[in-house]
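Engineer: If you use our numbering, the sequence shown corresponds to residues 2 to 109, in order.
Cβ atoms here follow ideal geometry from the backbone N, Cα and C, with glycine treated the same way.
Please read these numbers as outputs of a predicted model, since none were measured by experiment.
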Amino acid sequence: MKKILIVEDDDKYLARISKAFEAYEEAEVITARRAQLAAQILQLIRVDLIIVEVDSEEVSGFKLLSYLSKNYPKIQIVAIGSALFQNSDPNSRTRELPVIFKNRIWKH
């Protein structure tokens with residue numbers, strides 16, 4: 002079974018993203034509303050994919066992505082954010098990540 006960790010602080014988006022994976026029997030979704038909780042989960046559970054919201058008010062998404070890239074380089078990461086994310090950090094390795102733009106997919 003593939004384990005997917007979703008890090009999202011907005012309950013509506015967290016529910017929508019989680020629901021998108023419900024159709025896949027081989028996927029187990031683990032959720033975290035805070036970066037600190039995500040880090041704790043990763044110390045205990047091996048995951049195959051991390052979906053990270055970069056527009057978090059709690060911690061800079063770029064800091065979290067940097068932490069994940071450094072400490073978990075073999076785990077696939079997908080960033081979720083606004084269209085502003087695309088131009089946010091031109092020198093960052095995070096620009097190489099796949100990005101899902103919230104405002105293009107879901108309306109609040």
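For Leu-65, collect the residues of the same chain with a Cβ closer than 8 Å to its Cβ; drop the 5 residues on either side in sequence, then sort them by chain order.
Structural biologist: So the list reads Val-8, Ala-36, Ala-39, Val-53, Val-55 and Ser-57, once near-sequence residues are dropped.
Engineer: First and last residue of the alpha helix (DSSP H) that includes Lys-75?
Structural biologist: Premise fails: Lys-75 is in no alpha helix (DSSP H) and is neither H nor E.
Engineer: Which of the three DSSP states, helix, strand or coil, is assigned to Ala-39?
Structural biologist: Correct three-state label for Ala-39: helix.
Engineer: Could you tell me the distance, in whole angstroms, from the CA atom of Asp-49 to the CA atom of Gln-77?
Structural biologist: Looking at the two C-alpha atoms, the distance is approximately 6 Å.
Engineer: Confirm, please, whether the CB-CB distance from Arg-34 to Asp-10 is below 8 Å.
Structural biologist: Cβ distance < 8 Å, so Asp-10 and Arg-34 count as in contact.
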